[in-house]
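Chains as they are written, first to last, in the numbering used here: chain A, 58 to 258; chain B, 3 to 569.
Below, the structure is given as structure tokens:
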């Protein structure tokens, strides 16, 4: 058994160097050369400044922008570092609400948000993804229905015809891959950037 | 449930079955030490490693030596992870300026990664540096996976050999698995993931100014290289807190589909390796069929439950299923499928928050883990777990007809059955025992995020996941406390090594036995009767053990939900 001690130390160190340093560092160099944009985080620039990542959701509260999903991410409480406070779309601390199916807190939150959305647009059914929190708190997408639901509000806030906003939504819908994998979706940041670029009436 | 949803599930199963044979063929060559198409490049590296480490690749080990070598290897792995976590503040590759990780959290994480559990009490982007991600976590993702595969191969050799004292050389098995199986796939896989959008950079977190003018700090890092092995090695420990739900760990429907494939690929192929090494591939297909039956049944229940939604959603007129804690790009079907795969396979990565699943939808992941993660299972661990159940099923069949049971030419006798029972019984002892403590000890009770039966399920899920070396969580539970860091670590340790040692004892005892040719009285182990028998034994043993606990958690919660009760 004693002769197993040398491999236990040396082999471990060699394999650690290969898998823990050589492999990730080499992949960083290769991936950075072949796919530089993705390797850096698919960053989106506007007027030379980074406004976010195409893959990471961000908070939209303004009536003139499409809103994303609810986010349950947290941040340390600035007044007491042992506690946390709500900080939607905190891309440095991902996470979900973790509220279960029989949670009263979840039932109350859902009711409040459904009532709010019904008041905003009484003519359409409230899409479920607009009132539920995402798993990561950073979901960049909403369903096409959730985008269409918000069209009247956007059109009013921007003084644009609903038809034009609807067209923008339609051109930003990504279907299933090969018509099969995943779900149809709209990237909220891309849609809002397109909205900002659209000519005012 | 929709037709297009079921088509995705069927496509997934078809591809896994299609991959099983070619990958099994390749891996069998690797474990037998044969030449492969990668040998011209890798053989010199492999030989150099043996020379440098003092490994004689021709010398095989007794099962006990093999096991001791494996344990020694883990002591070192533990020290490396614990060390880099405690010292990360003064080590390089720490652009976010993370401070040293606390003792109990470092201890928990080190145990978590050497046992292939990858339970996340650490917060990923908010707690650990790039160096810990690479040198601590990525490295152990490879080695704990390679260890699991090596152990499964040693057990297979127990069945396939006759009258031999040895079961292989642990160092050679681990090195060859790492170099010839895991590493080549991960290199290609990493590039695929970066192409799909996963970052791979050593640069600092990005500061963005959002369209509405707010500041957003976006965590990045060497993510893709970690994610590739995290899925392929059924490790599951995320780079980020939200794991594979995070858009940077799983950006597209395609990345999600391939990640699901990579969780099952090696585990499924090992059934074929088993068949090849015992000289009859149909023996492997029979085991894969047992796994397949249990898997599809689980997927159907979870998909149905999640698509159906909850009473709370129905009362508000919300349709489209239970989207709380799920991502739009995956939707109901890919989230349900992923949850069943990750718990069937001891992976533990999640692309949706299991804590927010419906009661029955979340019960299937729990059952998958409580059965011992033998439905494909962890790489290696799944196969040796399943073979323990096979030993038991053969024993039961032998009792029924009054013959000494035999399997693939080996007599199954008292020693094998005792060892199999020891390994199978130690798991419920851990997860039921610690859950009992967790729901009465005040400091532990305070960790529950949800009230009512759901809170109980959170605790049960945590200890089940830790014991099963899965690593997924009902993540509302605050696990980073002194109590949970230590108790979960003990569950992970016992769940891993108290299963491995009996399994290796069986390997040694089987290898030493003579091989007997099949006779007219031999129970055929390649047909439907055998598959049904093993499924039955798994469900009866599993069901009797944990049904009472499930009744207190998800089952009563489902009934309460239907009665419109909230907590």
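All residues carry an ideal CB built from backbone N, CA and C; glycine is no exception.
Between the options, which lies nearest to residue i when the distance is taken from Cα to Cα?
i: residue 132 (chain B); options: B:100, B:152, B:143; result: B:100
i: residue 127 (chain B); options: A:84, A:148, A:85; result: A:148
i: residue 233 (chain B); options: B:159, B:119, B:168; result: B:119
i: residue 418 (chain B); options: B:393, B:439, B:15; result: B:393
i: residue 245 (chain A); options: A:69, A:231, A:59, A:179; result: A:231
i: residue 397 (chain B); options: B:407, B:483, B:390, B:150; result: B:407
i: residue 353 (chain B); options: B:338, B:159, B:364, B:365; result: B:338
i: residue 246 (chain B); options: A:152, A:59, A:87; result: A:152
i: residue 120 (chain A); options: A:174, A:224, A:202; result: A:174
i: residue 497 (chain B); options: B:431, B:49, B:160; result: B:431
i: residue 223 (chain A); options: A:202, A:238, A:241, A:237; result: A:202
i: residue 9 (chain B); options: A:243, A:252, A:239, A:253; result: A:239
i: residue 27 (chain B); options: B:513, B:282, B:421; result: B:282
i: residue 90 (chain B); options: B:144, B:17, B:129; result: B:129
i: residue 65 (chain A); options: B:78, B:307, B:50; result: B:78
i: residue 65 (chain B); options: B:532, B:562, B:511, B:309; result: B:511
i: residue 198 (chain A); options: A:125, A:96, A:190; result: A:125
Give every residue of the same chain whose Cβ lies closer than 6 Å to the Cβ of residue i, excluding the five residues on either side of it in the sequence, and list them in chain order.
i: residue 228 (chain B); result: 135, 140, 241
i: residue 188 (chain A); result: 167, 170, 171
i: residue 73 (chain A); result: none
i: residue 382 (chain B); result: 150, 151, 153, 154
i: residue 566 (chain B); result: 313
i: residue 433 (chain B); result: 465, 466, 469
Cutting at 8 Å between CB atoms, please list the residues of its own chain near residue i, excluding the five before and the five after it.
i: residue 31 (chain B); result: 37, 38
i: residue 529 (chain B); result: 288
i: residue 210 (chain A); result: 120, 177, 178
Which same chain residues, not among the five before or five after residue i, have their C-beta less than 7 Å away from its C-beta?
i: residue 195 (chain B); result: 226, 229, 230, 257
i: residue 165 (chain A); result: none
i: residue 156 (chain A); result: 162, 163
i: residue 478 (chain B); result: 357, 451, 452, 460
i: residue 133 (chain A); result: 141
i: residue 208 (chain B); result: 220, 222
i: residue 386 (chain B); result: 153, 154, 157, 505
i: residue 370 (chain B); result: 300, 342, 345, 346, 377
Check the DSSP bridge columns for residue i and list the partner residues they point to.
i: residue 102 (chain A); result: A:107
i: residue 210 (chain B); result: B:218
i: residue 141 (chain A); result: A:133
i: residue 202 (chain B); result: B:224
i: residue 153 (chain B); result: None, per the DSSP bridge assignment.
i: residue 413 (chain B); result: B:408
i: residue 170 (chain B); result: B:63
Report the three-state DSSP secondary structure of residue i (helix, strand or coil).
i: residue 88 (chain B); result: helix
i: residue 567 (chain B); result: coil
i: residue 153 (chain A); result: coil
i: residue 62 (chain B); result: coil
i: residue 161 (chain A); result: helix
i: residue 127 (chain A); result: strand
i: residue 517 (chain B); result: coil
i: residue 83 (chain A); result: helix
i: residue 188 (chain B); result: helix
i: residue 74 (chain A); result: helix
i: residue 122 (chain B); result: coil
i: residue 61 (chain A); result: helix
i: residue 135 (chain B); result: helix
i: residue 120 (chain A); result: coil
i: residue 313 (chain B); result: helix
i: residue 168 (chain A); result: helix
i: residue 340 (chain B); result: helix
i: residue 570 (chain B); result: Outside the shown range of chain B, which is 3 to 569, sits residue 570 (chain B), and nothing can be said about it.
i: residue 95 (chain A); result: helix
i: residue 524 (chain B); result: coil
i: residue 182 (chain B); result: helix
Run through the segment 463 to 515 of chain B for me and flag every whole alpha helix (DSSP H) of 4 or more residues, listed as ranges in chain order.
The qualifying runs are 484 to 514.
Whole alpha helix (DSSP H) elements within the segment 178 to 246 of chain A, 4-residue minimum = As for any alpha helix (DSSP H) of minimum length 4 sitting wholly inside the segment 178 to 246 of chain A, the runs are 201 to 215, 219 to 228, ordered along the chain.
Worksheet item: Listed from N- to C-terminal order along the chain, which residues in the segment 305 to 332 of chain B have their beta-carbon within a distance smaller than 9 Å of any beta-carbon of chain C?
Response: Considering every chain present, this structure includes no chain C. Its protein chains are A and B.
- prompt: What are the start and end residues of each continuous alpha helix (DSSP H) run of 4 or more residues lying completely inside the segment 246 to 297 of chain B, in chain order?
  reply: Complete alpha helix (DSSP H) runs here, min 4: 255 to 279.
Discussion item. Extract the residue ranges of the alpha helix (DSSP H) inside the segment 10 to 85 of chain B, only unbroken runs of 4 or more that lie entirely within it.
Written reply: The DSSP assignment places 41 to 55 as complete runs of the alpha helix (DSSP H) inside the segment 10 to 85 of chain B, in order along the chain (cut-off: 4 residues).
What ranges does the beta strand (DSSP E) occupy inside the segment 360 to 437 of chain B, keeping only unbroken runs of at least 3 residues that lie completely in it?
If we require 3 residues or more, the segment 360 to 437 of chain B turns out to have no beta strand (DSSP E) run fully inside it.
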